[in-house]
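Residue numbers (our numbering): 93 to 319.
We treat Cβ as the ideally placed atom computed from N, Cα and C, and that holds for glycine.
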């Protein structure tokens with residue numbers, strides 16, 4: 093199985109190549125320069141491997157949630173590459189990618205969504221597959237969905253900005269936290285390879301970002317009400 097993966101939903105830009113379980117990844121902190129650097133990074137990974145886009149079995153991308161611009165870049169790039177090479181695509185939730193990269197089996201994933209909110213999901217690994225015990229959603233940290241049991245591991249930037257509120261919300265249920273974790277292409281590649289192996293790749297035309305939020309800015313009156 094050969095899978096090319098890309099992830100641009102945060103200030104990091106990463107690409108990865110999955111070759112039968114062996115992953116090669118490039119990841120850079122790029123700010124808002126994803127569109128300038130992504131294709132060059134993809135070319136570099138392919139050149140190092142000796143493969144072409146046409147040699148891939150599919151293309152996986154981080155579909156969000158995350159930066160609106162970032163998830164559009166990943167989706168658009170995956171679509172363009174897949175159309176050109178007649179390949180299927182797999183959109184992977186960035187929150188599930190955090191769970192996959194954590195190395196844990198019970199993960200609460202949260203990304204800072206700004207405006208006092210987080211992107212949140214909770215996952216449990218059962219029979220070597222991730223089950224969403226709380227589906228991805230946008231919420232205030234103090235209203236984050238509750239989970240059953242303990243030994244939950246926390247991952248993502250939501251625990252930097254809203255660590256106190258989330259720690260109180262899950263008091264007594266947590267085993268550890270990785271506040272520095274960001275969605276990266278290596279986890280996207282692993283999850284994408286699993287989807288392709290199960291025949292769950294989709295046509296490039298069907299690929300869509302996962303936004304969760306329809307509105308990215310508040311009016312002055314709305315900000316005053318929020319205070």
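Query                                                                                                              : Result
Contact between the region 202 to 214 and the region 242 to 260 (3+ Cβ pairs under 8 Å)                            : yes
Beta-carbon separation (whole angstroms), residue 166 vs residue 98, contact threshold 8 Å                         : 5 Å
Runs of beta strand (DSSP E) lying entirely within the region 127 to 194, each at least 3 residues, in chain order : 150 to 156, 181 to 185
Continuous beta strand (DSSP E) assignments of at least 3 residues falling wholly in the region 205 to 238         : 209 to 218, 221 to 231
8 Å Cβ cutoff, residue 261 in contact with chain B                                                                 : Given the protein chain composition of this structure (a single chain), no chain B is represented.
CA nearest to the CA of residue 148, picked from 298, 281, 201, 304                                                : 281
Coil, strand or helix - residue 100 by DSSP                                                                        : coil
Backbone secondary structure at residue 259 - three-state DSSP                                                     : helix
Same chain, Cβ closer than 6 Å to residue 134, neighbours up to 5 away in sequence not counted                     : 107
Assumed close pair residue 233, residue 266 - CB separation to whole angstroms, cut-off 8 Å                        : Their Cβ separation, rounded to whole angstroms, is 14 Å, which puts residue 233 and residue 266 out of contact at 8 Å.
Beta-carbon proximity check, residue 154 vs residue 200, cutoff 8 Å                                                : no
Residue environment, residue 151, which counts as buried when at least 16 other CB atoms sit within 10 Å           : buried
Option nearest residue 194 by Cα separation, candidates 295, 276, 104                                              : 276
Residue 271 versus residue 102 - alpha carbon distance                                                             : 14 Å
Residue 210 burial status per 10 Å Cβ neighbour count (16 or more: buried)                                         : buried
Identity of the residue in 100, 138, 145 nearest residue 123 by Cα                                                 : 100
Simplified DSSP assignment, three categories, for residue 95                                                       : strand
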